[in-house]
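One structure below.
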Amino acid sequence: MESVDIPVPHNEAERLDALKRYNILDTLPDNAFDDATALVSYICGVPIAYISFIDESRQWYKSEIGLGVSEVPREITFCRYTIMDSKLVEIPDTLLNERFKNDPNVIDGFKIRFYAGVPLTTPDGYHIGVLCAADHVPRNLNDSQRNALQIVARHVINTLELGTKNNELASQKKIAERAVAAKDSFLANMSHEIRTPLNAVIGFTELLAGTQLDQQQRSYVKDVQTAGENLLLIVNDILDLSKIESGGLTLELQPFHLKKALRHVYDLLKVKVPEGVEFNLYLDAELPEIISGDQVRLNQILMNLAGNALKFTTEGEVTISVKKTGETEEAYLIRLSVKDTGIGIPQEHLNTVFERFTQAEESTTRKFGGTGLGLSIVKQLVELHDSTIQVKSREGVGSEFFFTLTYNKTFHETNEPEALPVNDLGQLKILLCEDNRLNQKLAQNVIEGFGFEIDIAENGDQGIEFLSKNKYDLVLMDLQMPVRDGYQTTNYIRKELNSAIPIIAMTAHSLAGEQDRCYDAGMDGYVPKPFKQYELLETIKTVLKKEPRSMKRPKADLSRIEETDRKKPGWKKEVTSQFIERAPQELKELENAIKKSDFQTVLHTAEQLQIWLHLFVLENLSKHLSNIEHEALRKKFTAESADSMEILFCSIQEVLKDLKAVV
């Protein structure tokens with residue numbers, strides 16, 4: 016038997032590696048390549064045109080006209096010779112060519128009489144495939160046609176390169192998303208661990224302030240309250256980084272008393288003034304009384320700037336100056352300045368003081384402490400006001416930070432919360448689900464102080480047991496509890512007990528998106544810890560005044576499937592039946608993989624489930640599946656995965672019940 020001639024390039028191994036880098040083999044049709052073959056067929060006036068790639072054993076067609084096949088063995092192709100060359104290979108008549116005159120695809124098969132092929136050459140010089148024009152009759156190309164083939168071949172390679180770059184960008188995006196998810200997870204855990212004890216400190220101090228105290232005791236209690244609030248500001252600084260970066264932080268524009276707000280900041284900081292330092296607040300006589308803006312963010316900016324100034328000043332003075340510098344029909348221009356006679360900033364470090372985790376000198380952190388986050392957050396908060404912060408400083412002389420903010424005029428009086436909560440709800444019976452003993456005691460004192468009756472459950476299962484036996488007006492739900500957490504407990508109350516009782520989340524988490532997640536899980540209100548008494552009471556009033564919760568169940572949207580079913584009858588029944596059969600199996604597989612920390616199986620199974628969820632337009636459930644995927648990519652599952660798994664399992668069961676009635 017005559018051996019088949021299969022020429023092999025001298026760099027075959029490297030050539031195959033170059034081909035595999037593009038991940039083009041066995042991919043779906045693509046308009047860009049189909050347009051290229053159509054162009055070749057038109058320009059050359061031939062019935063056959065194709066873009067093909069040659070691997071170890073075959074020639075695979077990415078796009079073709081006039082052949083009707085997807086691949087052929089490498090040993091019977093003309094192109095096995097073309098990839099050995101670096102220029103256009105043209106055979107006007109194959110019957111007159113010694114190499115091809117007896118070829119099966121010349122005397123039979125495709126009956127090729129004319130062939131012109133251009134190697135598809137990568138930027139680093141490897142011939143991975145061929146752009147070809149062919150015909151059943153002999154012919155010759157003119158120079159314009161030959162030039163056009165070369166141009167189209169380069170276009171094909173450019174298209175491949177662009178696809179590779181896009182894939183690399185997508186990969187980098189996933190890496191960045193994983194980094195953001197890891198940071199958010201860290202911030203969420205840190206928020207909970209710090210806020211839980213802080214809730215008890217601030218809460219009990221507030222209760223203590225409401226008792227009979229002498230003047231000295233009241234002074235001490237006020238100092239503890241101030242210290243607690245300052246610590247809370249530090250925690251909020253960390254959390255605000257996440258919110259600012261994700262675009263989740265926005266200004267809340269409300270009327271407030273400007274001078275009163277500035278004096279409040281001054282009073283809070285007076286306790287930090289070192290001996291030998293004069294602390295001043297200068298307010299322009301022309302400052303407006305009431306303006307519309309975000310008082311909380313103004314407080315945060317000044318607390319950071321003035322707090323820094325006091326920390327780095329051992330003698331001399333620190334001065335907050337606020338002045339009206341302009342006015343229009345609708346707004347005021349307010350210039351704010353914090354000036355000190357402290358250690359100053361070296362000239363070479365002035366451009367970096369606003370970078371996060373950065374201080375003017377490494378020794379500064381050791382001597383004065385601090386996270387290096389304050390100025391970074393100040394800069395971003397000022398920019399959130401569409402302004403810019405500037406700094407002037409001389410080492411050993413002092414510093415001044417200054418900026419100008421625009422505040423809208425308002426003629427509405429401010430609605431400040433009452434110092435002491437007032438209960439006008441009558442007698443209520445409340446169930447508290449909370450595992451921390453200090454927080455239990457704090458909430459019990461506050462709730463009973465309102466005049467309400469309270470029962471306490473130490474975990475979700477105990478809370479469900481209480482609800483099954485007793486009648487309550489409201490549930491206060493901690494999110495992180497043993498046995499069954501707040502999300503799982505809420506899901507059980509809504510789905511299994513079929514109860515619409517108002518549920519208020521009480522959580523030490525305070526990240527962007529947490530509040531929405533609580534509402535998505537079926538809760539009616541949200542109070543972050545540490546909470547103020549009036550905030551809790553106002554939230555209770557709000558949720559009790561709401562219309563009774565309609566028990567919304569997740570529901571599949573069949574519109575996409577029905578649209579396909581009109582073109583392909585039977586599709587709806589087929590895909591719905593498969594979902595009903597496979598979804599429970601895939602959910603079980605996902606749950607087992609999470610328990611075993613089998614991250615690859617989790618990602619594979621989650622990908623399959625995501626296809627189902629997108630197909631049935633269950634986008635809210637898709638978010639919970641994405642949470643699990645993010646944690647699998649970080650190779651660390653937390654309580655959030657368990658929450659998401661619980662929500663997915665219960666919700667998909669509801670969806671399947673509805674679909675079974677449709678099939």
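Take the sequence shown: its position 332, counted from the start at 1, is 347 in the working numbering, and no numbers get skipped. Virtual Cβ for every residue (Gly too), placed ideally from N, Cα, C.
Contact check for Ile106 against Phe129 passes: the beta carbons are separated by less than 8 angstroms.
DSSP places Ser101 in no alpha helix (DSSP H); its state is neither H nor E. Excluding its 5 nearest sequence neighbours in each direction, Leu110 has C-beta neighbours in its own chain below 6 angstroms: Lys116, listed in chain order. Sequence-distant Cβ neighbours of Thr425 in its own chain, meaning closer than 7 angstroms and more than five residues away, are Pro270, Ile305, Ile306 and Ser307. Boundaries of the beta strand (DSSP E) harbouring Lys338: Gly331 to Glu342, taken from the DSSP string. When the alpha-carbon of Ile190 is set against those of Asn635, Glu577, Ala676 and Glu644, the nearest one is in Glu644. Under DSSP, the beta-bridge partners assigned to Phe271 are Ile306. A contact is defined here as three or more CB-CB pairs under 8 angstroms, and the region 447 to 467 fails this definition with respect to the region 530 to 538. In the structure shown, the three-state DSSP call for Ser659 is helix. Sequence-distant partners of Leu164 (beyond 5 residues in either direction) whose C-beta falls short of 6 angstroms from its own C-beta, in its chain, are Val133. For Tyr347, the enclosing beta strand (DSSP E) has its first and last residue at Ala346 to Asp355. For Ala149, the beta-bridge partners assigned by DSSP are Ile63 and Tyr130.
For Tyr65, the closest C-alpha among the options Val250, Ala242 and Val55 is that of Val55.
When DSSP states are grouped into helix, strand and coil, Asp493 belongs to the strand group. Secondary structure remark: continuous alpha helix (DSSP H) runs of at least 4 residues inside the region 464 to 549, in chain order: 475 to 484, 501 to 510 and 529 to 535.
At a Cβ-Cβ threshold of 8 angstroms, Asp41 and Trp75 count as neighbours. Per DSSP, Leu628 is one residue of the alpha helix (DSSP H) stretching across Phe614 to Leu630.
Glu27 has its alpha-carbon roughly 12 angstroms from the corresponding atom of Gly140.
When C-alpha distances from Asp150 are compared across Tyr57, Gly585 and Lys326, the shortest belongs to Tyr57.
In this chain, the beta strand (DSSP E) harbouring Lys407 covers Gln405 to Arg409. Taken through DSSP and simplified to helix, strand or coil, Thr419 comes out as strand.
If you draw a 10 Å sphere on the C-beta of Arg114, you find fewer than 16 other C-beta atoms in it, and that means exposed.
With contacts defined by Cβ atoms closer than 8 angstroms, Ser402 and Leu420 form a contacting pair.
Contact annotation, Ile21 with Glu90: C-beta distance approximately 5 angstroms; criterion of less than 8 angstroms satisfied. When Cβ pairs closer than 8 angstroms are counted between the two stretches, the region 610 to 624 is seen not to touch the region 151 to 161, the count staying below three. Distance from the CA atom of Glu290 to the CA atom of Phe327, rounded to whole angstroms, is 13 angstroms. For the pair Phe294 and Val333, the CB atoms are nearer than the 8 angstroms cut-off.
If you check the CB distance, Ile445 and Tyr502 do not come in under 8 angstroms. Looking from the CA of Gln395, the closest CA among Glu363, Thr265, Val461 and Lys484 belongs to Thr265.
Following the DSSP letters along the chain, one finds Phe594 inside the alpha helix (DSSP H) bounded by residues Trp586 to Lys610. In this structure, Leu624 is the residue among Leu624, Arg73 and Asp118 with its C-alpha nearest to the C-alpha of Ile595. Each of Thr343, Lys285, Leu552 and Cys94 was checked against the Cα of Gly322, and the nearest Cα belongs to Lys285.
If you compare the alpha carbons of Leu663, Leu482, Asn474 and Leu648 with that of Trp627, the shortest gap goes to Leu663.
Our two residues, Asn642 and Ser656, have alpha carbons roughly 7 angstroms apart in a direct line.
Taking a C-beta distance under 8 angstroms as the contact criterion, Val292 and Leu247 do not qualify as a contact pair.
Fewer than three beta-carbon pairs drawn from the region 457 to 466 and the region 498 to 514 are found closer than 8 angstroms, and the two stretches are therefore not classed as touching.
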